[in-house]
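Peer 1: Have a look at this one.
In this note's numbering, the protein residues as written are 3 to 304.
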């Protein structure tokens, strides 16, 4: 009987081979502890609220309790510490975070004080997403739901393809710099993230030039390397009409961000680079790397 290449087998195979900077199956112990503390500080001690949250999830899971603890708050927090089913675990995280987002956010000063709330809603949600990212756990809370990062279009269509293309051993230097950029992003080190994103972009350009034996200046900048690939027509001729705009984006986009927000001294006033700027640099670098490497692959097949 022939073996059919069914969807389930293709999905399992893809999950085993596709590189990613996040994982989706294991809950790090550090994240369990950190989330316990976030929820304790941001929801407070009101037993009625914890009881309501426990009742919602226990009903949906068909359980008498979540973790066999008498008191609702203890039951929820124990569940966060011990539950092994990641879907069930994330379900509680989502319910708790949604409550913080929609209810605790609106508490006045006296309500927060009476419930011993020590962390505001905005800060709690921001920290939760940071803790996930820091631990390489590929989920985040947005728009009232926990979502997988690899379900986001830009991650699926840009970041993962960049990692796949950079897995070519000839581009190992660029791959390491790209992974370093993600590591800095997860750690909240945004200026270092931008700097390493540019390094990965420049290393990709330089490696392509080396492999094609294209000459470039000593200690070239990204702009120097871009001039070389344009001269050598790495991209198809039929793009020539729009290539000026594309080249301008490549030259002024990521390098400009890095020159303005990373790689230079802070001066007398400490500077903080926002996470959305770092994310932009990462995504821009990834999209340009994918463009360049796919064009390079075409030249190798000729």
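Glycine residues also receive a C-beta, built at the ideal position from the N, C-alpha and C atoms.
#1: Pull up the distance between the alpha-carbon of residue 48 and that of residue 225, whole angstroms please.
#2: Please list, in chain order, all residues of the same chain as residue 46 whose beta carbon is under 7 Å from its beta carbon, the five residues on each side excluded.
#3: Assuming contact is defined by CB atoms lying nearer than 8 Å, are residue 123 and residue 133 in contact in what I supplied?
#4: Taking its Cβ as the centre, do 16 or more other Cβ atoms sit within 10 Å of residue 201, making it buried, or is it exposed?
#5: What is the DSSP secondary structure of residue 147, reduced to helix, strand or coil?
#6: From the DSSP output, in three-state form, read off residue 25 for me.
#7: Helix, strand or coil: which one does DSSP assign to residue 142?
#8: Report the residue from 206, 281 and 142 whose alpha carbon sits nearest the alpha carbon of residue 126.
#9: How far does the alpha helix (DSSP H) with residue 45 in it reach, from first residue to last?
#10: Is it true that the stretch 172–184 meets the stretch 197–217, where meeting means three or more beta-carbon pairs spaced less than 8 Å apart?
#11: I'd like to know whether the C-beta atoms of residue 83 and residue 138 end up nearer to each other than 8 Å.
#12: From the DSSP output, in three-state form, read off residue 283 for me.
#13: Is it a yes or a no for the stretch 160–167 touching the stretch 284–297, going by three-plus beta-carbon pairs under 8 Å?
#14: Of the residues 195, 216 and 23, which one's Cα is nearest the Cα of residue 233?
#15: Hey, residue 94 and residue 59: beta-carbon distance below 8 Å or not?
#16: Residue 193 and residue 275: beta carbons closer than 8 Å?
#17: Less than 8 Å between the beta carbons of residue 68 and residue 81, yes or no?
#18: For the alpha helix (DSSP H) that contains residue 92, what are its first and last residues?
#19: In terms of alpha-carbon separation, which member of 72, 214 and 111 lies closest to residue 53?
#20: For residue 230, I'd like the list of residues in its chain whose CB is within less than 7 Å of its CB, leaving aside the five on either flank, ordered along the chain.
#21: For residue 291, does the three-state DSSP call read helix, strand or coil?
#22: What is the rounded straight-line gap between the Cα of residue 121 and the Cα of residue 303?
#23: Taking the alpha carbon of residue 171 as the reference point, which residue from 140, 213, 75 and 198 has its own alpha carbon closest?
#24: Going along the chain, which residues of its own chain have a beta-carbon closer than 7 Å to the beta-carbon of residue 64, five neighbours each way excluded?
#25: Which first and last residues belong to the alpha helix (DSSP H) in which residue 76 is found?
#26: Among the candidates 22, 222 and 184, whose CA atom is the shortest distance from the CA of residue 136?
#27: What do you get for residue 56, buried or exposed, if any count of 16 or more other CB atoms within 10 angstroms of its CB means buried?
#28: Closer than 7 Å by C-beta to residue 90: which residues in its own chain qualify, once you throw out the five before and the five after it? Chain order, please.
#29: Report the CB separation of residue 22 from residue 152 in whole angstroms; it is logged as a contact under 8 Å.
#30: Apart from the five residues just before and just after residue 204, which ones in its own chain have a Cβ nearer than 6 Å to its Cβ?
Peer 2: In short, the structure shows the following:
#1: Answer to the nearest angstrom: the Cα atoms are 59 Å apart.
#2: The residues are 117, 118 and 119.
#3: Cβ distance not < 8 Å, so residue 123 and residue 133 don't count as in contact.
#4: Its Cβ being crowded by 16 or more others within 10 Å, residue 201 is buried.
#5: If DSSP states are grouped into helix, strand and coil, residue 147 belongs with the strands.
#6: Residue state, collapsed to three classes: strand.
#7: When secondary structure is reduced to three states using DSSP, residue 142 falls in the strand class.
#8: Per the Cα distances, 142.
#9: Membership of residue 45 in the alpha helix (DSSP H) is indicated by the continuous run 31–45.
#10: Between the stretch 172–184 and the stretch 197–217, the count of Cβ pairs shorter than 8 Å is three or higher; the stretches touch.
#11: Not in contact: residue 83 and residue 138 (Cβ atoms no closer than 8 Å).
#12: DSSP places residue 283 in helix when its eight states are reduced to three.
#13: Here the stretch 160–167 lies against the stretch 284–297, with 3 or more beta-carbon pairs under 8 Å apart.
#14: Among 195, 216 and 23, the Cα nearest to that of residue 233 belongs to 216.
#15: Closer than 8 Å, so yes.
#16: Yes; because the gap between Cβ atoms is below 8 Å, this pair is in contact.
#17: Yes; because the gap between Cβ atoms is below 8 Å, this pair is in contact.
#18: 88–104 is the span of the alpha helix (DSSP H), which, as asked, contains residue 92.
#19: The candidate whose alpha carbon is nearest that of residue 53 is 72.
#20: Answer for residue 230: 211, 216 and 218, listed in chain order.
#21: Here residue 291 sits in helix by DSSP.
#22: Looking at the backbone, the Cα of residue 121 and that of residue 303 are separated by about 57 Å.
#23: When 140, 213, 75 and 198 are compared, the shortest CA-CA separation from residue 171 is found for 213.
#24: Within the same chain, residue 64 has no close Cβ partners at all.
#25: 74–84 is the span of the alpha helix (DSSP H), which, as asked, contains residue 76.
#26: Out of 22, 222 and 184, 184 has the C-alpha closest to the C-alpha of residue 136.
#27: Classified as buried, residue 56 has 16 or more neighbouring CB atoms from the shown chains inside 10 Å of its CB.
#28: Within the same chain, residue 90 has close Cβ partners 63.
#29: The C-beta distance from residue 22 to residue 152 rounds to 7 Å, short enough to meet the 8 Å contact threshold.
#30: Same-chain partners within the cutoff: 224.
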